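In the working numbering, the protein residues as written are 11 to 461.
Just so it is clear, CB atoms sit at the ideal spot from N, CA and C, and this is done for glycine as well.
Please read these numbers as outputs of a predicted model, since none were measured by experiment.
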């Protein structure tokens, strides 16, 4: 993974159609839908397959992030670069997260998916959403920030908390860089250790079709395709809005930075299908980081931007939050003043930063937002509980595309993007596994000019 010379001479074998991972995942999703629809009980029984695969992936996320970030920072000659990368990433996250919130709000005003339902909030069963409300009340901005600091150096690897692992990795990487030559054996060991870890990622990904099948069969078996019909306008509006956001908003920033958003989507199609099947963007985190390095983004940039983006750059979740909040207000005939909507926007901007890339986090974050905005009753979230699971896929897909785009854009701004490798990867040219990060730390990298 980390040494271009090891894989440069290896021939790239042509895979047969049925051996391609995204084809297998797509087939598994289709079979899962059929099983869940025609045999719901069997479909629900497949839940352990999806849960098991998610656990397998989570098992490897912590070492992947730690090794990628630590070795990337340790190889930096200028430690100020870490601050620059994080600063630029945070500016990007803030701008596009806010845009996503505003887009969701504007589309909800235009389409008004909840208008005409005339729901009395008092008639709704608030017990259905009580667990989500409790979790939302337990989470605060201060608590979220303090939680980034782990209790011990090893506790993040036990709990699997992405931001805590990232925190430890950044500090350890900076320490290695400051020690300099004397730390070279440690850096070399971590670099070598990364190779079997990423090989393990490749092995685990072979189980992706099984996980996607189990998760999709359970979803359709438990909730049924018919459960979407009553709230079809909200679901359709959300999917259409997310698609427009990706194509036009992310497409515009991609075009401005010299690449095509559609080609990027095609490049990460395996990860997108994996997310579609599992509804968890975390499932694709290890392979997404590999692919962004393979596409010419510096390892240090990928290691800082992508994991951080999983908590701070959730475009799909942001679109969902304002859209769902306005849908509830429209359905319950609750007029929202300009002040109410500005408050909703500000609260959503803050609460969305604590959302992790796991299934159900969007609903918990929505509960946190509505609990602070008094105009909209939290109990009315029961209206969308039945279809939230179907919108979860779209949230996760949009989040994934947003983070892949952020990695390329920040790498270009930092002058750490190999444009030739990016063009080759996005045009579909086969790249040998060993050539992922050919000139990762400035050795031979054809830097794109920074903006």
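- Query: Is the distance from the Cβ of residue 208 to the Cβ of residue 296 below 9 Å?
  - Reply: Within the chain shown, the letter at position 198 stands for residue 208. Within the chain shown, the letter at position 286 stands for residue 296. Using a Cβ distance threshold of 9 Å, residue 208 and residue 296 count as a contacting pair.
- Task: Please determine if the stretch 290-305 and the stretch 330-343 are in contact, where contact requires at least 3 C-beta pairs separated by less than 8 Å.
- Result: Contact between the stretch 290-305 and the stretch 330-343 is absent, because fewer than three Cβ pairs lie under 8 Å.
- Would you give the residue range spanned by the alpha helix (DSSP H) that residue 49 belongs to? The sequence position of residue 49 within the chain shown is 39, counting from 1. That residue, residue 49, is in no alpha helix (DSSP H); it is neither H nor E in DSSP.
- Item | residue 327 beta carbon less than 9 Å from that of residue 413 | Position 403 of the chain shown, counting from 1, holds the residue named residue 413. Position 317 of the chain shown, counting from 1, holds the residue named residue 327. No.
- Item | Between the CA atoms of residue 430 and residue 439 - distance to the nearest angstrom | On the chain shown, position 429 is the one that residue 439 refers to. On the chain shown, position 420 is the one that residue 430 refers to. Approximately 11 Å, taken between the alpha carbons.
- Query: With distances taken between CB atoms, is the gap from residue 85 to residue 197 smaller than 9 Å?
  - Reply: Counting from 1 along the chain shown, the entry for residue 85 is found at position 75. Counting from 1 along the chain shown, the entry for residue 197 is found at position 187. Closer than 9 Å, so yes.
- Beta-carbon contacts of residue 111 that lie in its chain and below 6 Å, excluding the five residues immediately before and after: Residue 111 sits at position 101 when you count from the first residue of the chain shown. Apart from the 5 residues on each side of it in sequence, residue 111 sits with its Cβ closer than 6 Å to the Cβ of 328, 332, 355, 358 in its chain, given in chain order.
- Message: Using CA atoms only, rank isn't needed, just tell me which of 306, 81, 63 is closest to residue 422.
- Response: One-based indexing of the chain shown puts residue 422 at position 412. Among 306, 81, 63, the Cα nearest to that of residue 422 is on 306.
- Message: Could you check whether residue 218 and residue 44 sit closer than 9 Å to each other, using their CB atoms as the reference points?
- Response: Position 34 of the chain shown, counting from 1, holds the residue named residue 44. Position 208 of the chain shown, counting from 1, holds the residue named residue 218. Between residue 44 and residue 218, the C-beta gap is not smaller than 9 Å, which leaves the two residues out of contact.
- Item | Anticipated Cβ contact below 8 Å, residue 82 with residue 226, distance rounded | Mapped onto the chain shown, residue 82 falls at position 72. Mapped onto the chain shown, residue 226 falls at position 216. That pair is no contact at about 35 Å.
- Straight-line Cα distance separating residue 281 from residue 72: What you label residue 72 is simply residue 62 of the chain shown in a count that begins at 1. What you label residue 281 is simply residue 271 of the chain shown in a count that begins at 1. Going from the Cα of residue 72 to the Cα of residue 281 covers about 18 Å.
- Backbone CA spacing between residue 186 and residue 246 [nearest angstrom]: Within the chain shown, numbered from 1, the residue matching residue 186 stands at position 176. Within the chain shown, numbered from 1, the residue matching residue 246 stands at position 236. One C-alpha to the other measures close to 50 Å.
- Message: Please tell me whether residue 257 has its Cβ less than 9 Å away from any Cβ of chain D.
- Response: Protein chains in the displayed structure number just one, and chain D is not present.
- Item | Alpha-carbon to alpha-carbon, residue 99 and residue 192 | Position 182 of the chain shown, counted from the first residue, corresponds to residue 192. Position 89 of the chain shown, counted from the first residue, corresponds to residue 99. Rounded to the nearest angstrom, the two C-alpha atoms are 31 Å apart.
- Cα-Cα separation between residue 17 and residue 437, rounded to whole angstroms: Sequence index remark: in the chain shown, residue 17 carries index 7 (1-based). Sequence index remark: in the chain shown, residue 437 carries index 427 (1-based). Caution is warranted here: a pLDDT of 40 is assigned to residue 17, below 50, making its placement in the model unreliable, and no coordinate value can be reported.
- Task: Classify residue 254 as helix, strand or coil using the three-state DSSP reduction.
- Result: By 1-based counting over the chain shown, the position of residue 254 is 244. If DSSP states are grouped into helix, strand and coil, residue 254 belongs with the helices.
- Whole-Å CB distance - residue 285 paired with residue 271, under 8 Å assumed: Position 275 of the chain shown, counted from the first residue, corresponds to residue 285. Position 261 of the chain shown, counted from the first residue, corresponds to residue 271. Contact between residue 285 and residue 271 does not hold, since the beta-carbon distance rounds to 17 Å and is not under 8 Å.
- What is the residue span of the alpha helix (DSSP H) that residue 391 lies within? For the purposes of this step, residue 391 is taken as the residue at position 381 of the chain shown. No alpha helix (DSSP H) holds residue 391; DSSP gives it neither H nor E.
- Straight-line gap, residue 157 to residue 174 (C-alpha atoms, nearest Å): Taking the chain shown and counting its residues from 1, one reaches residue 157 at position 147. Taking the chain shown and counting its residues from 1, one reaches residue 174 at position 164. Straight across, the Cα-Cα distance linking residue 157 with residue 174 is about 8 Å.
- Message: Considering only the alpha carbon of each residue, which of 64, 404, 165, 265 lies closest to residue 464?
- Response: Limits of the chain in this structure are 11 at one end and 461 at the other, which puts residue 464 out of reach.
- Thinking C-alpha only, which one of 253, 383, 65, 68 is nearest residue 353? Position 343 of the chain shown, counting from 1, holds the residue named residue 353. When each option's Cα is compared against that of residue 353, the closest is 383.
- What span of residues does the alpha helix (DSSP H) with residue 269 cover, start to end? Position 259 of the chain shown, counting from 1, holds the residue named residue 269. Per DSSP, residue 269 belongs to no alpha helix (DSSP H) and is neither H nor E.
- Item | Residues near residue 261 in its chain [Cβ-Cβ closer than 7 Å; skip 5 each side] | Against the chain shown, residue 261 aligns to sequence position 251. Excluding positions up to five away in sequence, the list reads 271.
- What does DSSP give as the partner residues of residue 380 in its beta bridges? Along the chain shown, one-based indexing puts residue 380 at 370. DSSP lists no partner for residue 380.
- Message: What does DSSP give as the partner residue(s) for residue 427 in the beta ladder?
- Response: The count along the chain shown starts at 1 and reaches residue 427 at position 417. DSSP lists 307 as partners of residue 427.
- Smallest Cα separation from residue 205: which of 77, 385, 435? If you number the chain shown from 1, residue 205 lands on position 195. Distance check between residue 205 and each of 77, 385, 435 places 77 closest, using alpha-carbon atoms only.
- Item | Sequence-distant residues of the same chain with beta carbon closer than 7 Å to residue 79, five excluded per side | Looking up residue 79 in the chain shown gives position 69. Within its own chain, the residues whose Cβ lies closer than 7 Å to the Cβ of residue 79, once the five positions on either side in sequence are excluded, are 176, 179, 180, 183, 313, 314, listed in chain order.
- Candidates 404, 351, 403, 398: which alpha carbon is nearest residue 380's? Taking the chain shown and counting its residues from 1, one reaches residue 380 at position 370. Measuring C-alpha to C-alpha distances from residue 380 to each of 404, 351, 403, 398 identifies 351 as the nearest.
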